[in-house]
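Residue numbers (our numbering), protein chains in the order written: chain A, 1 to 379; chain B, 1001 to 1379; chain C, 2001 to 2379.
Glycine included, C-beta positions come from ideal geometry on N, C-alpha and C.
Since we're looking at a predicted model, the values are computed, not measured.
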Amino acid sequence: MRTSHEAEPMCEIDDLDLVDHHCHGVSAAPLGYEAFASFLTEGGRDMLGAIDPMATPLGLAVRSLCSPVLGIDPHAPIQEYMERRSALGELEVARRMVAAAGLSDLLIDTGYLADQVLTPAGMGRLGRYRTHEIVRIEAVAEEVFATAGGGAFVDEFPRALADRARGAVGLKSIVAYRAGLDLDAARPVARTVSISLARWSPGSRIADPVLLRHCLWVGVDVAEGLGIPIQLHSGFGDRDLDLWRADPTRFTPWLRRIPSSVKICFLHCWPYHRQAAFLAAVYPNVYLDTGALNTHAALGYERILAETLEVAPFEKVLYSSDALGAPELYYVGAMRFRSALASLLGDWRRRGFCAHADAVGIAMAIGQGNARKVYRLGE
Amino acid sequence: MRTSHEAEPMCEIDDLDLVDHHCHGVSAAPLGYEAFASFLTEGGRDMLGAIDPMATPLGLAVRSLCSPVLGIDPHAPIQEYMERRSALGELEVARRMVAAAGLSDLLIDTGYLADQVLTPAGMGRLGRYRTHEIVRIEAVAEEVFATAGGGAFVDEFPRALADRARGAVGLKSIVAYRAGLDLDAARPVARTVSISLARWSPGSRIADPVLLRHCLWVGVDVAEGLGIPIQLHSGFGDRDLDLWRADPTRFTPWLRRIPSSVKICFLHCWPYHRQAAFLAAVYPNVYLDTGALNTHAALGYERILAETLEVAPFEKVLYSSDALGAPELYYVGAMRFRSALASLLGDWRRRGFCAHADAVGIAMAIGQGNARKVYRLGE
Amino acid sequence: MRTSHEAEPMCEIDDLDLVDHHCHGVSAAPLGYEAFASFLTEGGRDMLGAIDPMATPLGLAVRSLCSPVLGIDPHAPIQEYMERRSALGELEVARRMVAAAGLSDLLIDTGYLADQVLTPAGMGRLGRYRTHEIVRIEAVAEEVFATAGGGAFVDEFPRALADRARGAVGLKSIVAYRAGLDLDAARPVARTVSISLARWSPGSRIADPVLLRHCLWVGVDVAEGLGIPIQLHSGFGDRDLDLWRADPTRFTPWLRRIPSSVKICFLHCWPYHRQAAFLAAVYPNVYLDTGALNTHAALGYERILAETLEVAPFEKVLYSSDALGAPELYYVGAMRFRSALASLLGDWRRRGFCAHADAVGIAMAIGQGNARKVYRLGE
Chain A
1 MRTSHEAEPM CEIDDLDLVD HHCHGVSAAP LGYEAFASFL TEGGRDMLGA IDPMATPLGL
61 AVRSLCSPVL GIDPHAPIQE YMERRSALGE LEVARRMVAA AGLSDLLIDT GYLADQVLTP
121 AGMGRLGRYR THEIVRIEAV AEEVFATAGG GAFVDEFPRA LADRARGAVG LKSIVAYRAG
181 LDLDAARPVA RTVSISLARW SPGSRIADPV LLRHCLWVGV DVAEGLGIPI QLHSGFGDRD
241 LDLWRADPTR FTPWLRRIPS SVKICFLHCW PYHRQAAFLA AVYPNVYLDT GALNTHAALG
301 YERILAETLE VAPFEKVLYS SDALGAPELY YVGAMRFRSA LASLLGDWRR RGFCAHADAV
361 GIAMAIGQGN ARKVYRLGE
Chain B
1001 MRTSHEAEPM CEIDDLDLVD HHCHGVSAAP LGYEAFASFL TEGGRDMLGA IDPMATPLGL
1061 AVRSLCSPVL GIDPHAPIQE YMERRSALGE LEVARRMVAA AGLSDLLIDT GYLADQVLTP
1121 AGMGRLGRYR THEIVRIEAV AEEVFATAGG GAFVDEFPRA LADRARGAVG LKSIVAYRAG
1181 LDLDAARPVA RTVSISLARW SPGSRIADPV LLRHCLWVGV DVAEGLGIPI QLHSGFGDRD
1241 LDLWRADPTR FTPWLRRIPS SVKICFLHCW PYHRQAAFLA AVYPNVYLDT GALNTHAALG
1301 YERILAETLE VAPFEKVLYS SDALGAPELY YVGAMRFRSA LASLLGDWRR RGFCAHADAV
1361 GIAMAIGQGN ARKVYRLGE
Chain C
2001 MRTSHEAEPM CEIDDLDLVD HHCHGVSAAP LGYEAFASFL TEGGRDMLGA IDPMATPLGL
2061 AVRSLCSPVL GIDPHAPIQE YMERRSALGE LEVARRMVAA AGLSDLLIDT GYLADQVLTP
2121 AGMGRLGRYR THEIVRIEAV AEEVFATAGG GAFVDEFPRA LADRARGAVG LKSIVAYRAG
2181 LDLDAARPVA RTVSISLARW SPGSRIADPV LLRHCLWVGV DVAEGLGIPI QLHSGFGDRD
2241 LDLWRADPTR FTPWLRRIPS SVKICFLHCW PYHRQAAFLA AVYPNVYLDT GALNTHAALG
2301 YERILAETLE VAPFEKVLYS SDALGAPELY YVGAMRFRSA LASLLGDWRR RGFCAHADAV
2361 GIAMAIGQGN ARKVYRLGE
């Protein structure tokens, strides 16, 4: 089962507890096949009619890696897999997957599908790890607008965001989905914000580029005030994206303007992970992960991690799974990440570029230490 | 000769007949060295004066892979290779190459160099496979304009395109070359089309962005009516390209507007094959290949295919060679594709991600099954 | 220490003297830790406070590869490394590194940090190789403006640039940093140049897009007249960059306009090295290297070189280190380049794509022969 590349495993990495700095809750309700499959694609339920949702790299990874955790054969048919899931019950599947994933801390984005997935508290009851909240800027903006209306928004939003952020370890923005990372970096003036607020129809999501800029600048202020980082979705995601506008280097004008004390963590990044690594190498406050690719690109993740670590300083790379809904994603992400990291560091070691202790130190930094510092999690 | 990666070959792939869903006819006339060499570069004859045209990855692949098919040593000098070609005759070389390529169906783009290469019927006489036509939208537009003139174009073009398409299995567009895939996605109004038609000088090729949009929308209508897919050139090609504008994700606004029943097949894609794979993973009607790279990037094709299959669903990837003029391209493309696919699937199998039967199923889907479904070719 | 990939080394490459066609002088003064570390990052001194500057791929490469050249253990702590450097003296370290690098010719860009690094003459005294000058267009423009002022600039600059170029083997432009490679390709008219000159404040660097275009066109004229190439920074660099605007394919409109006799050498290119290789494959006068990545991406350089050689003609690829300040960069760049090239060519040979003699010929072309021709260096 081992390729020559995996000949000298770095056992310390197998036992390394990870800080998953960007994930979501698992489904609160039992997952039928369609709901389960839809959590394995970024294409939504439409894709289920077009393709066999298990005939993907992630589908193969889930079946081969997760089946043994459920006590069945790695290549068991998907019907058998779903029956076994159902027999164990959703919460038991979740408990097994997160336990097997080997995590010390989960940083949970609470701003997406909040009514369908477990809260951080609920997630905390599933296993022996700490949970922390990441507050999604746009979700808070939509709540404030729904409650306070456009008239009070400008005053209320900063207060509300700061309130929420005080109980959290970081903020997150999804401007990449709504306007692209190439949105104008200038802080919009009050008058244009008012005009945009007047156009925002109640019930609709925040989409106006001026409002998105305004909210992100408020996020920058809050992050600066509290000394917490901002996570920025970039690259890989769903059909809302114009992918090329989610290239993190499109955000460069913002990086030049925001206070250097505000740390920016680019999430996912692929296929622009080399670009994100470049930013991490030249901006002191830029960090990155390749979360979601250790699941959606599970079988090729070795190459993606290796490309990321071509130029990225070792203290700038973080781990995340971007798991959402299906608990299998926690496990697949963690296992593929550990394996890819062990493969890369083992290769460096074999070629004489580092000593064993160096390799272990790099693994610990990327797997947990960097996130502990960035989010001030303590030990 | 085998690397450790190739230690456990998947023999089924060696015997897998391929559907080459995007190719062109071979030269109708015997190829002298200069003509032969110019079919091995996208740079045109200018390149022949600047470099040794065989001192390229494709040059090495042709010499090493094709020489034995002609009965000479794999590393025979190019002079000997050309003499042997000449002694066998162009049609015999073509017969040998396409037979050795192992193809069941050729989908032939008839809109390029039609006066220099064999027709689908001519190609059909070279071997035991079926041939089908792909109609190039812009070529038909140019024919209609030359015949009917600008005045009758708006009425004539849809009729002519539908007529041609009825005898074909798909359409193709080269807007990426002429205007970029970032051309405006709105269907142009009649008045702007008229203005652009009035500016089109007889004898010149179609280049006006409004006309290109108009013709592509007509293509969408015809494709929807007949239930056939549209092939879209993207990425790698010749000097007409502004390469970055041929990134398939630039076409996203079109994907949001066209009917979801119209299947889009992105061709070539490199160096944006990861981007195309993303689209294939989130849009039910998007497909892709990395044709032309199994020839022009022959020696590194393993990596390109592996990158494509990082996130692409297995039912969304197709095979093509983009062979044109020199029959060697059929053979090199097919051999490098099979070898790269066997290497990747063998690797997945060895690492336990799939069973042997899964791997064979994936190979059959990508090599032929997917194309059979998309183009409704039957068995 | 060898992976299976390195099992059959191509010894000829170990002994191949390289032409380093893009480098800078080493530090004239002894380097303390902070100065040394700052030459190992493109992020400037700011990065030193944010991360351990040795906790990077380049940091590992320097420690593991260079320590033995200084006579200490490959994994010696950085303190010991710096003490050893200090004991030997800066010039002795430089002598050892450039000697160990195995270089026949250095083409030295004299337009950056000229007051801190050795001149070409000074570099020439360090070892047994020839040195040549590359003249930076923007540096000459800034000198002329400082001396002659805006009024005389239009007349003086072409004269001054031609004078400087006559003693050099090529020009270099850094428009990618100042305006992006997507700057307008039209030669600006005299009146707009005058307006921009009037706005240029003495002492500031050249940044106006019109002036940058004007100067680059003057560079094109001078290069055409003297038959010398122009080097163009692209891709990887420092915080001045909007990286996506430094994609070489953004320069395509210029490639269509400049005389085809003017050779363009794209430097660095990563993460757009595939894009640059495409241009080299279709434009007779385009060349490329992946310099700076054999140092900054030292541990992953095998993949970067392999991606470059997916489609690049072998006569279009050059070697450079982009070494600046720290002499270790000369050595790391050369060693990683040789190793990556030997690995790739050895792989092609093992898989039967070329004979041993072909592989040696390709290595000699890329390592030295191509640069000798492009810069007319003689033997």
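(Q) Please return the same chain residues whose Cβ sits closer than 8 Å to the Cβ of A1168/B, not counting the five positions on each side in sequence. (A) Excluding residues within five positions, the ones whose Cβ falls inside 8 Å are H1132, E1133, I1134, V1135 and I1228.
Q) So which residues of chain A does G1352/B contact, with C-beta pairs closer than 9 Å? A) Taking a Cβ-Cβ cut-off of 9 Å, the neighbours of G1352/B in chain A comprise M1, S64, L65, P74 and H75, given in sequence order.
(Q) What would DSSP say about E2006/C, mapped onto helix, strand or coil? (A) Residue placement at E2006/C is flagged as unreliable, the pLDDT there being 41, under the threshold of 50; the coordinate-derived value follows with that caveat. Helix at E2006/C.
**Q.** Integer-rounded CB distance, given that L60/A should sit under 8 Å from L241/A
**A.** With a Cβ gap of about 25 Å, L241/A and L60/A do not count as contacting.
Q | CB contact flag (C1023/B, A1355/B, <7 Å) | A | Their beta carbons are not under 7 Å apart, which means C1023/B does not touch A1355/B by this criterion.
Q) To the nearest angstrom, how far is it from the Cα of V26/A to the Cα of M1364/B? A) Cα-Cα distance, rounded: 35 Å.
Q. Are any of the Cβ atoms in chain C nearer than 7 Å to that of A1035/B?
A. With 7 Å as the cut-off, A1035/B does not count as an interface residue toward chain C.
Q) Under 7 Å, do D958/B and R1130/B count as touching if we go by C-beta distance? A) Shown here, chain B extends from 1001 to 1379; a query on residue 958/B therefore has no answer.
(Q) If you reduce the DSSP assignment to three classes, tell me which class V2062/C lands in. (A) Under the three-state reduction of DSSP output, V2062/C falls in the helix class.
Q) Is the beta carbon of A2148/C less than 7 Å from the beta carbon of V311/A? A) Not closer than 7 Å, so no.
(Q) Within a Cβ cutoff of 8 Å, which residues of the same chain sit near A306/A, ignoring the five residues on either side of it in sequence? (A) For A306/A, where only same-chain residues beyond five positions count, the Cβ hits under 8 Å are A340 and L344.
(Q) I want to verify the contact list: residues of chain A whose CB lies under 7 Å from the CB of A2061/C, in sequence order. (A) Those are F353, listed as they occur along chain A.
Q: Please report how far the alpha carbon of G180/A lies from the alpha carbon of N1285/B, in whole angstroms.
A: Cα-Cα distance, rounded: 24 Å.
Q.
Considering only their Cβ atoms, is the gap separating Y301/A from M97/A smaller than 7 Å?
A. Here M97/A is not near Y301/A, since their CB atoms are 7 Å or more apart.
Q | Unbroken beta strand (DSSP E) run spanning I2304/C, endpoints | A | Residue range Y2301 to T2308 is occupied by the alpha helix (DSSP H) that includes I2304/C, with no beta strand (DSSP E) assigned at that position.
Q | Buried or exposed (CB count within 10 angstroms, at least 16 for buried), A1359/B | A | A1359/B is buried by the Cβ-count criterion.
Q: In angstroms with no decimal places, state the Cα-to-Cα distance between I2206/C and A2190/C.
A: In this structure, the straight-line span from the alpha carbon of I2206/C to that of A2190/C is close to 17 Å.
Q: Assign S196/A to one of three DSSP states: helix, strand, or coil.
A: In the structure shown, the three-state DSSP call for S196/A is helix.
Q) Taking the alpha-carbon positions, what's the Y112/A to V374/A distance? A) Y112/A and V374/A have their alpha carbons spaced roughly 23 Å apart.
**Q.** Beta-bridge partners of D2020/C, as assigned by DSSP
**A.** For D2020/C, the beta-bridge partners assigned by DSSP are L2106/C.
Q. Using 8 Å as the threshold, is the region 1196-1205 of chain B in touch with the region 1270-1290 of chain B, meaning 3 or more CB pairs across them?
A. Touching, no, given that fewer than three Cβ pairs across the two stretches are closer than 8 Å.
Q) Is F2266/C near V2218/C, with beta carbons less than 7 Å apart? A) The Cβ atoms of F2266/C and V2218/C do not sit closer than 7 Å to each other.
Q) Going by beta carbon distance, what residues of the same chain come within less than 6 Å of G2124/C, once the five residues before and after it are set aside? A) These residues qualify, in order along the chain: T2131.
Q: Kindly indicate if chain A contains any beta-carbon less than 7 Å away from that of L2341/C.
A: So no, L2341/C is outside the interface.
Q: From the DSSP output, read off the bridge partner residues of C1265/B.
A: DSSP output for C1265/B lists Q1231/B and Y1287/B as bridge partner(s).
Q: Determine the closest residue to A276/A out of P259/A, R303/A, F251/A and R256/A, with distance taken between C-alpha atoms.
A: Taking only the C-alpha atoms, the option nearest A276/A is F251/A.
Q) Per DSSP, E133/A is paired with what? A) Per DSSP, I108/A.
Q.
Just verifying my parser: in three-state terms, what is the DSSP assignment at L345/A?
A. It is helical.
Q) Residues in its own chain within less than 7 Å of A1281/B by CB, not counting five upstream and five downstream? A) Annotation for A1281/B: V1311, A1312 and P1313 place their beta carbon closer than 7 Å to its own, counting only its chain and skipping 5 residues before and after.
Q.
Just to confirm, is the Cβ distance from A2094/C to P2327/C under 7 Å?
A. The beta carbons of A2094/C and P2327/C sit closer together than 7 Å.
Q) In terms of alpha-carbon separation, which member of W1244/B, P1077/B, L1161/B and S1038/B lies closest to E1224/B? A) For E1224/B, the nearest C-alpha among the options comes from L1161/B.
Q.
For a test of the three-state rule: what should DSSP assign to S260/A, helix, strand or coil?
A. Per DSSP, reduced to three states, the secondary structure at S260/A is coil, with no helix or strand assignment.
(Q) Just to confirm, is the Cβ distance from R1178/B to L1212/B under 7 Å? (A) Yes, these two residues count as a Cβ contact at 7 Å.
Q. Mind checking if G2300/C is an interface residue toward chain A, Cβ cutoff 7 Å exclusive?
A. Taking Cβ atoms only, chain A reaches closer than 7 Å to G2300/C, which makes this a yes.
Q) Can a CB atom of chain A be found closer than 7 Å to the CB of A2297/C? A) Judged by the 7 Å Cβ criterion, A2297/C is in contact with chain A.
Q | Through-space distance from H214/A to V19/A, alpha-carbon basis | A | The alpha-carbon atoms of V19/A and H214/A are separated by roughly 31 Å.
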